[in-house]
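Colleague: Residues in the sequence shown are numbered from 24 upward in steps of one, following my numbering.
C-beta atoms are modelled at their ideal positions from N, C-alpha and C, and glycine is treated no differently.
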Amino acid sequence: MELPREVSIVETGPRDGLQNIQQYVETGEKVNLINALSKTGLRVIEVTSFVHPKAVPQLRDAAQVMSQIQHDSTLSYRVLVPNMKGVERALESGASHINFVLAASNSFNKNNVNRSIAESLEEFRRIVEFAHKKKIDTVSVSISTAFGCPFEKRVPMQKVVEIALQLERFGVDQIILCDTTGMANPMYVRELVQEMSEVINRAQIGVHFHDTRSTGLANIFAALSMSITIIETCVGGLGGCPFAPGANGNVATEDIVNMLDDMGIKTGVNLGRLIKCAKMAQDIIGRELPGQVMKVGPTYG
Ligand code: COA
Ligand code: ZN
Numbered sequence: 024m025e026l027p028r029e030v031s032i033v034e035t036g037p038r039d040g041l042q043n044i045q046q047y048v049e050t051g052e053k054v055n056l057i058n059a060l061s062k063t064g065l066r067v068i069e070v071t072s073f074v075h076p077k078a079v080p081q082l083r084d085a086a087q088v089m090s091q092i093q094h095d096s097t098l099s100y101r102v103l104v105p106n107m108k109g110v111e112r113a114l115e116s117g118a119s120h121i122n123f124v125l126a127a128s129n130s131f132n133k134n135n136v137n138r139s140i141a142e143s144l145e146e147f148r149r150i151v152e153f154a155h156k157k158k159i160d161t162v163s164v165s166i167s168t169a170f171g172c173p174f175e176k177r178v179p180m181q182k183v184v185e186i187a188l189q190l191e192r193f194g195v196d197q198i199i200l201c202d203t204t205g206m207a208n209p210m211y212v213r214e215l216v217q218e219m220s221e222v223i224n225r226a227q228i229g230v231h232f233h234d235t236r237s238t239g240l241a242n243i244f245a246a247l248s249m250s251i252t253i254i255e256t257c258v259g260g261l262g263g264c265p266f267a268p269g270a271n272g273n274v275a276t277e278d279i280v281n282m283l284d285d286m287g288i289k290t291g292v293n294l295g296r297l298i299k300c301a302k303m304a305q306d307i308i309g310r311e312l313p314g315q316v317m318k319v320g321p322t323y324g
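Here is the structure:
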């Protein structure tokens, strides 16, 4: 079987991982975690989101986080944006990589960003136009519920592909297929990636799996077998969405890096340093996280 020799791990812990934590994490602790993650060899870290502070109070300090982290010019500090207002705030904070979010199911999109899919797509069209005039290098989009929706259950693959086609027409750089509540399985992953790659020519495709039903690693392997090279994970297995019942943690970054190391697939990430970050995340939130490698150590470490 052909597998990629190198993959790019996108760390989403500081955003996807923290957004669901009830107890407020002080800005300084978020900044320390991001700074430590920046020294592991990761190239892209999603650091926060510019959403309505009432929607996600935990990330209400997005601008402070952006201004306080040590910016390493070789890294991309991605931020999540739900609308134009979010993009404006992101730009003011100096962000150059934005990640727009919309869902493949209408009820989830409504619940998450208070818009229909058509309205989100129209907003995205305007955002790309705007971003191209400003200092935004990369525009990615997370398609939530791409593998199933907690409200509508099955989401037709054709729907996901249609949305992706529109996004590509508008000029997206990367499309991330997100399994928001862990409903994907490896065969389904292969089929959806196949359908996508038949029509998406320019944008890169990535994947983001929540491990709600313990299928995360198997799903990542299925994506690798289809030549996917962008994988989103959360340090320690943090993760969850306040708008999606059952959105448990993501696949732990250090668990996937350990597996890829063992398979001879390069990530450029230092596993020892990453494990320290996972333990730091655990200390910050004050409870045990699901990541396994931080508990038992690397396979050959
Ligand atoms: N950041 C801060 N404030 C925002 C904002 C943003 N990105 N977008 C809108 N607002 C403000 C508006 O300025 C307006 O303020 P005003 O009442 O003082 O005039 C108010 O919010 C309402 O604006 P509206 O455009 O009607 O927003 P909405 O109420 O329909 O909410 C979202 C839409 C997208 C802002 C909100 O649903 C949201 O933040 N969702 C994020 C969900 C999320 O983070 N999910 C997890 C990650 S996938
Ligand atoms: Zn997620």
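Which term fits H233, buried or exposed, when burial requires 16 or more other beta carbons within 10 angstroms of its beta carbon?
Modeller: Per the 10 Å Cβ criterion, buried.
Colleague: Go through its chain and collect everything with a Cβ distance to T290's Cβ below 7 Å, but skip five positions before and after it.
Modeller: Only V30, I32, V280, L283 meet the Cβ criterion.
Colleague: How far does the beta strand (DSSP E) with N122 in it reach, from first residue to last?
Modeller: 120-126
Colleague: When you measure from the CB of N273 to every non-hydrogen atom of the ligand ZN, does any distance come out below 8 Å?
Modeller: yes
Colleague: Can you tell me the Cα-Cα spacing of N135 and F266, whole angstroms?
Modeller: 6 Å
Colleague: Taking I92 as the reference, which of E218, L60, I150 has the closest Cα?
Modeller: L60
Colleague: What does the Cβ neighbour count give for S130, buried or exposed, with the cut at 16 atoms within 10 Å?
Modeller: When all chains shown are included, S130 counts as exposed.
Colleague: Compute the minimum distance between the beta carbon of G109 and the heavy atoms of the ligand PLP, and state whether it is under 8 Å.
Modeller: As for the ligand PLP, it is missing from this structure, which binds only the ligand COA and the ligand ZN.
Colleague: Could you pull the start and end residues of the alpha helix (DSSP H) that G109 belongs to?
Modeller: 107-115
Colleague: Go ahead and label V222 buried or exposed: buried means 16 or more other beta carbons lie within 10 angstroms of its beta carbon, across all protein chains shown.
Modeller: exposed
Colleague: Compute every distance between the C-beta of L144 and the non-hydrogen atoms of the ligand COA, then say whether any falls below 8 Å.
Modeller: no
Colleague: For my contact list, A246 and V212 are in at a C-beta cut-off of 8 Å; report their separation, rounded to the angstrom.
Modeller: 5 Å
Colleague: Please specify which runs of the alpha helix (DSSP H), each continuous and at least 4 residues long, are wholly inside the segment 163-211, giving them in chain order.
Modeller: If only uninterrupted alpha helix (DSSP H) runs of at least 4 residues are considered, those enclosed by the segment 163-211 are 180-193.
Colleague: Taking the alpha carbon of R148 as the point to measure from, which residue in L312, K133, V124 has its own alpha carbon closest?
Modeller: V124
Colleague: Could you check where the alpha helix (DSSP H) with T276 kicks off and where it finishes?
Modeller: Note, T276: alpha helix (DSSP H), 276-285.
Colleague: Using the C-alpha atoms, what's the distance from E218 back to T71?
Modeller: 31 Å
Colleague: In chain order, what residues of the same chain have a beta carbon less than 7 Å from the beta carbon of V292, not counting five sequence neighbours either side?
Modeller: I32, T63, G64, L65, V280
Colleague: What do you reckon, are the CB atoms on V74 and V104 nearer than 9 Å?
Modeller: yes
Colleague: When burial is assigned at 16 or more other CB atoms within 10 Å of the CB, is R101 buried or exposed?
Modeller: buried
Colleague: Can you list, in chain order, the residues of its chain whose CB lies under 8 Å from that of I198, leaving out five sequence neighbours each side?
Modeller: Correct list, in chain order: S163, V164, I166, A187, L190, E191, M219, I223, A226, Q227, I228, G229.
Colleague: Report buried or exposed for N106, applying the criterion of at least 16 other Cβ atoms within 10 angstroms of its Cβ.
Modeller: buried
Colleague: Based on the DSSP output, what are the partners of G229 in its beta bridges?
Modeller: I199, I253
Colleague: Quick one: is H94 buried, meaning 16 or more other Cβ sit within 10 Å of its Cβ, or exposed?
Modeller: exposed
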